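Participant: Residue numbers (my numbering), protein chains in the order written: chain R, 9 to 487; chain C, 246 to 375; chain X, 2 to 40.
Structure in structure tokens, see below.
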Amino acid sequence: ESFEETPLIIAILTYLGYGILIVFGHIGDFLRKWNVFYNPLVTEKVESGFVPLYQSFESFYTRNLYRRIRDCWNRPISSVPGATFEIIDRKTSDRGWTFHFTGTTTKALNMGSYNYLGFAENKGRCADESQQATELYGPSTCSTRHELGNLSLHKELESLVAEFIGVESAIAFGMGFATNSMNIPTLVGKGCLILSDELNHSSLILGARLSGAVIKTFKHNNMEDLEEKLKNYIIDGQPHTHRPWKKILIIVEGVYSMEGSIVKLPEVIRLKKKYKAYLYLDEAHSIGALGPRGRGVVDYWGCDPKNVDIMMGTFTKSFGSAGGYIGGSKKLIDFIRLKSHSACYASSMSPPVAQQIISSMKVIMGVNDPAEGKKRLGQLAWNSRYFRRRLQEMGFIIYGNIDSPVVPLLLFCPAKIAAFSRECLKRGLATVVVGFPATPIIESRARFCLSGAHTKEMIDTALEIIDDVGSLLSLKYSR
Amino acid sequence: FSSRGMWVTYILVVAFIHYVFLSLPFLSVAMAWTLTNVIHNMLMFIILHIEKGTPFETADQGKFRYRTVWEQLDYGIQFSPSRKFLTIVPIILFFLASFYTKYDYYHFVFNSGSLLLVLIPKLPQLDGVR
Amino acid sequence: YQYLLITALYMLESWERTVFNCFLLFFLSMATYTAYVFM
């Protein structure tokens, strides 16, 4: 893994850039407040006597920094998010407050979507079988798993998932985010301790908060820090009473999509055994995309799935579908099936979505055609390494692990975030850019998501574009 | 405040502000230092001790919405390196301003008054006090 | 272009860029004048 440090001069220039934007943000707020400027924002009637709905400072950033460059986000597309796609062009006449469509579209190389194995297709076996499932079962069950929402398709899906990840049993949910936020509260509660990586996804954070357990964070992927914190909190026990913890749950992700890093799973398993903690592994990005057989980070490190107490993952990134699963011992899954909020309140997974997962998972497992799954996995692994190596050769600062299918390229200055996205799109490459507060203030970045659907020619085209834009914006900071 | 280069940037911005005042020919050196000191302290008082919450939405369900920036710094841990740094800078500025104003009485009143304005809210005893 | 990117003026509206550039020019001319007088 590489996390090259930000050059000091660039860090200072980045702060200055944000400082200038904040100064002009306050000036703009002042002028809008006294109606010198057109104020499209929703404003409340002050004399209404109610508690104010909006705390204006909290949306300062959105109003004055993000709004100026928000054409780079939430771009509507008019095709399937495959290796290439079509973006619907928009225009703004008031500097980002409102947009209107121009009626044209732009064809671009897609390095922004999570489509690791290229299953985001509207033709082929998966699409046909999903269509048949729609005709057979209808688009939705309109009921929860606890009531009428159980289909044979769901049972088939869950048994296939259990076989795929190598555990006793599994349960599937219609939404990836909810798989974390609605099930962690069934596993831990008051009197328990959660040790969470500081860069965990917000669904894990929300689930941990909902549970009411004591939450402590450890430095990102830092096993020494994790061990030290485990030791200290076990010795201290619960706050005030110092009673021993009922349960200790370590929550980590397989691939951190913002960092491009891969969890050090053997280390985490060693620590969990040593300190008798439980391990919750969120494989949202790694399932299907990592490992020689595509079984995720457990397969990548060659660990035994039995050593991971709760295997969680989503079907969004590698299977061209949606939703999430939790796998583990049959006892655990039966318990979750009974207690989970999702199983009780949310309508069950839509049949065509479930069918898409089954079809794509069978392709990866080589059930019908052994070669195709291997080809996709091999293509993704090769693309990831090749793309990352070439970018590093060009002189960009790239974060993360060489095998990660997500490649973050550091941009630093706030203006370069927008410039990079716009210049790349102008040249036919669409990618995702991320800035503060989703990343540390001096680590804004562009994030490239590789896909098994990308050919070498496409990768080379993308590299040429990035090289050109990188020279124009002078982004080649690596020393 | 504890990320890389932030302290250097802070010192550069203070130096730049001082240089702007020094560049105005109608200001004496003493006046330039007093203005630097007073304006720096006023800005830091507003930024650290008046502004509450965060300038963007956070996932903590509004837990820090009524906490000032100073109280949110380093998750509320007292005497962290950043807090020490932010406490020391106004004091050094005060010494410099006093020296360059040759300990003139009027300048001293303004400089010491503005120094107290930024030192008192930083006391741990006043954490969360309104 | 580099100047616009580094100072984040790239994200500002034209009137804001004008204000910033005027301030910068004013400051630089003052600094030059004072340095001259001082020297």
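For glycine and all other residues, C-beta sits at the position ideal for the given N, C-alpha and C.
Owing to the predicted nature of the structure, the values given are computational and were not obtained by experimental measurement.
Measuring only the C-alpha atoms, how far is R:Ile85 from R:Ile28?
Facilitator: Here residue 85 of chain R corresponds to residue number 77 of the first sequence, with the count starting at 1. Here residue 28 of chain R corresponds to residue number 20 of the first sequence, with the count starting at 1. Cα-Cα distance, rounded: 33 Å.
Participant: Cβ closer than 7 Å: which chain C residues qualify as neighbours of R:Pro445?
Facilitator: Taking the first sequence and counting its residues from 1, one reaches residue 445 of chain R at position 437. The answer, in chain order, is Phe301.
Participant: Using 10 angstroms around the beta-carbon of C:Leu338, count the other beta-carbons present and answer buried if the total reaches 16, otherwise exposed.
Facilitator: The residue given as residue 338 of chain C occupies position 93 in the second sequence. Burial call: buried.
Participant: Identify each residue in the stretch 137-168 of chain R for which the Cβ-Cβ distance to at least one residue of chain C is less than 8 Å, and report them in chain order.
Facilitator: Listed by position, the residues of the stretch 137-168 of chain R near chain C (Cβ gap below 8 Å) amount to none.
Participant: Between R:Leu419 and R:Val440, is the Cβ-Cβ spacing less than 8 Å?
Facilitator: In the first sequence, residue 419 of chain R corresponds to position 411, counting from 1. In the first sequence, residue 440 of chain R corresponds to position 432, counting from 1. Cβ atoms of R:Leu419 and R:Val440: not closer than 8 Å.
Participant: Please report the distance separating the alpha-carbon of R:Trp81 from that of R:Val44.
Facilitator: Locating residue 81 of chain R in the first sequence gives position 73, counting from the first residue. Locating residue 44 of chain R in the first sequence gives position 36, counting from the first residue. Straight-line Cα distance between these residues: approximately 29 Å.
Participant: Between C:Gln317, C:Lys297, C:Ser327, C:Arg310, which lies nearest to C:Pro255 when the distance is taken from Cα to Cα?
Facilitator: Locating residue 255 of chain C in the second sequence gives position 10, where the first residue counts as 1. The displayed chain sequence assigns Tyr, not Pro, to residue 255 of chain C. Cα-wise, what sits closest to C:Tyr255 is C:Ser327.
Participant: At what residues does the beta strand (DSSP E) containing R:Asn82 begin and finish?
Facilitator: For this step, residue 82 of chain R is matched to residue 74 along the first sequence. From DSSP, R:Asn82 is part of no beta strand (DSSP E); its letter is neither H nor E.
Participant: Keeping to the same chain, check which residues put their C-beta closer than 7 Å to that of R:Ile405; ignore five residues upstream and five downstream.
Facilitator: Here residue 405 of chain R corresponds to residue number 397 of the first sequence, with the count starting at 1. Around R:Ile405: Glu12, Leu418, Tyr485, Ser486.
Participant: Nearest-angstrom Cα distance between C:Phe266 and C:Thr281?
Facilitator: Against the second sequence, residue 266 of chain C aligns to sequence position 21. Against the second sequence, residue 281 of chain C aligns to sequence position 36. Those two C-alpha atoms are separated by around 7 Å.
Participant: Is any non-hydrogen atom of the ligand MG found closer than 7 Å to the C-beta of C:Phe261, if you look at the structure I gave you?
Facilitator: No copy of the ligand MG occurs in the structure displayed, which carries no ligand at all.
Participant: Using the C-alpha atoms, what's the distance from R:Leu437 back to R:His250?
Facilitator: If you number the first sequence from 1, residue 250 of chain R lands on position 242. If you number the first sequence from 1, residue 437 of chain R lands on position 429. Going from the Cα of R:His250 to the Cα of R:Leu437 covers about 56 Å.
Participant: Closest by CA to C:Leu331, which one among C:Ile284, C:Lys367, C:Phe344, C:Val283?
Facilitator: As a working note, residue 331 of chain C is residue 86 in the second sequence. When only C-alpha atoms are compared, the closest one is C:Lys367.
Participant: In terms of alpha-carbon separation, which member of R:Ile258, R:Ile259, R:Val260, R:Ile243 lies closest to R:Pro252?
Facilitator: Within the first sequence, residue 252 of chain R is the residue found at index 244, counting from 1. The residue with the shortest Cα to Cα distance from R:Pro252 is R:Ile243.
Participant: Kindly list the residues whose CB is nearer than 7 Å to the CB of R:Gly3, restricted to its own chain and excluding five residues on each side of it in sequence; keep chain order.
Facilitator: The displayed coordinates of chain R run from 9 to 487. Any statement about residue 3 of chain R would go beyond what the structure contains.
Participant: Can you find a C-beta in chain C that's less than 8 Å from the C-beta of R:Ile28?
Facilitator: For the purposes of this step, residue 28 of chain R is taken as the residue at position 20 of the first sequence. It does not: the Cβ of R:Ile28 has no partner Cβ on chain C nearer than 8 Å.
Participant: In terms of alpha-carbon separation, which member of R:Lys281, R:Gly57, R:Arg78, R:Val316 lies closest to R:Asp102?
Facilitator: The residue given as residue 102 of chain R occupies position 94 in the first sequence. Of R:Lys281, R:Gly57, R:Arg78, R:Val316, the residue nearest in Cα terms is R:Arg78.
Participant: Could you list the residues in the stretch 251-276 of chain C with a C-beta less than 8 Å from some C-beta on chain X, going in chain order?
Facilitator: Going along the stretch 251-276 of chain C in chain order, one finds Tyr264, Val265, Leu267, Ser268, Leu269, Pro270 with a Cβ nearer than 8 Å to chain X.
Participant: What is the DSSP secondary structure of R:Glu291, reduced to helix, strand or coil?
Facilitator: For this step, residue 291 of chain R is matched to residue 283 along the first sequence. Reduced to three states, the DSSP call for R:Glu291 is strand.
Participant: Chain C partners of X:Met40, CB-CB under 7 Å?
Facilitator: As a position in the third sequence, residue 40 of chain X is number 39, starting the count at 1. By Cβ distance, chain C contributes nothing, its closest Cβ being about 13 Å from X:Met40, past 7 Å.
Participant: Please report the straight-line C-alpha distance between R:Gly111 and R:Arg83, rounded to a whole angstrom.
Facilitator: Within the first sequence, residue 111 of chain R is the residue found at index 103, counting from 1. Within the first sequence, residue 83 of chain R is the residue found at index 75, counting from 1. Near 14 Å, if we compare the C-alpha coordinates of R:Arg83 and R:Gly111.
Participant: Closer than 7 Å by beta-carbon distance: list the chain R residues that pair up with X:Leu29, in chain order.
Facilitator: Against the third sequence, residue 29 of chain X aligns to sequence position 28. Result: empty, since nearest Cβ-Cβ is about 16 Å, beyond 7 Å.
Participant: For R:Ser265, is the classification buried or exposed, using 16 other Cβ atoms within 10 angstroms of its Cβ as the cut-off for buried?
Facilitator: If you number the first sequence from 1, residue 265 of chain R lands on position 257. By the 10 Å Cβ count, R:Ser265 comes out buried.
Participant: Excluding the five sequence neighbours on either side, which residues of its own chain have a C-beta within less than 6 Å of the C-beta of R:Ala19, listed in chain order?
Facilitator: Your numbering for residue 19 of chain R matches position 11 in the first sequence. If we look at R:Ala19 and ignore the five residues flanking it on each side, its Cβ neighbours are Ile450.
Participant: Which residue from R:Ile410, R:Val306, R:Asn230 puts its Cα closest to that of R:Arg397?
Facilitator: Residue 397 of chain R sits at position 389 when you count from the first residue of the first sequence. Ranking the options by Cα distance to R:Arg397, first place goes to R:Ile410.
Participant: Could you tell me whether any Cβ in chain C is nearer than 8 Å to the Cβ of R:Ile35?
Facilitator: Looking up residue 35 of chain R in the first sequence gives position 27. So no, R:Ile35 is outside the interface.
Participant: Quick check on X:Ala32 - is its C-beta less than 8 Å from some C-beta in chain R?
Facilitator: Here residue 32 of chain X refers to the residue found at position 31 of the third sequence. So no, X:Ala32 is outside the interface.
Participant: Can you tell me whether R:Glu94 is helix, strand or coil according to DSSP?
Facilitator: Position 86 of the first sequence holds residue 94 of chain R. The answer is strand: DSSP assigns R:Glu94 an E or B state.
Participant: Under 8 Å Cβ to Cβ from R:Gln140, same chain only, skipping five residues before and after it: list those, please.
Facilitator: Working through the first sequence from its first residue, we reach residue 140 of chain R at position 132. Closer than 8 Å at the Cβ level, and outside the excluded window around R:Gln140, lie Gln363.
Participant: Quick test of your reading: C:Leu371 and C:Phe290, contact by CB under 8 Å. State the CB separation rounded to the nearest angstrom.
Facilitator: In the second sequence, counting from the first residue as 1, residue 371 of chain C sits at position 126. In the second sequence, counting from the first residue as 1, residue 290 of chain C sits at position 45. About 13 Å separates the two Cβ atoms, so there is no contact after all.
Participant: Note down, in chain order, all residues in the stretch 229-251 of chain R with a beta-carbon under 9 Å from any beta-carbon belonging to chain C.
Facilitator: Here the close residues number zero.
Participant: Taking 8 Å as the CB-CB cut-off, is C:Gly298 touching chain R?
Facilitator: On the second sequence, position 53 is the one that residue 298 of chain C refers to. So, interface residue.
Participant: Does DSSP put R:His325 in a helix, in a strand, or in coil?
Facilitator: Stepping through the first sequence from its first residue, residue 325 of chain R is reached at position 317. Here the sequence assigns Lys to residue 325 of chain R, which means His is not the residue at that position. If DSSP states are grouped into helix, strand and coil, R:Lys325 belongs with coil.
Participant: Who are the Cβ neighbours of R:Met119 in its own chain at under 7 Å, not counting the five residues just before and after it?
Facilitator: As a first step, residue 119 of chain R is located in the first sequence; it is residue number 111 there, counting from the start. Taken in chain order, the residues that qualify are Leu437, Ala438, Thr439, Phe456, Cys457, Ala470.
Participant: Hey, quick one: how far does the alpha helix (DSSP H) through R:Tyr23 stretch, first residue to last?
Facilitator: Position 15 of the first sequence, counting from 1, holds the residue named residue 23 of chain R. It spans 16-41 - the alpha helix (DSSP H) in which R:Tyr23 sits, taken as one unbroken run.
Participant: In angstroms with no decimal places, state the Cα-to-Cα distance between R:His209 and C:Lys308.
Facilitator: What you label residue 209 of chain R is simply residue 201 of the first sequence in a count that begins at 1. What you label residue 308 of chain C is simply residue 63 of the second sequence in a count that begins at 1. Going by the C-alpha atoms only, they are around 19 Å apart.
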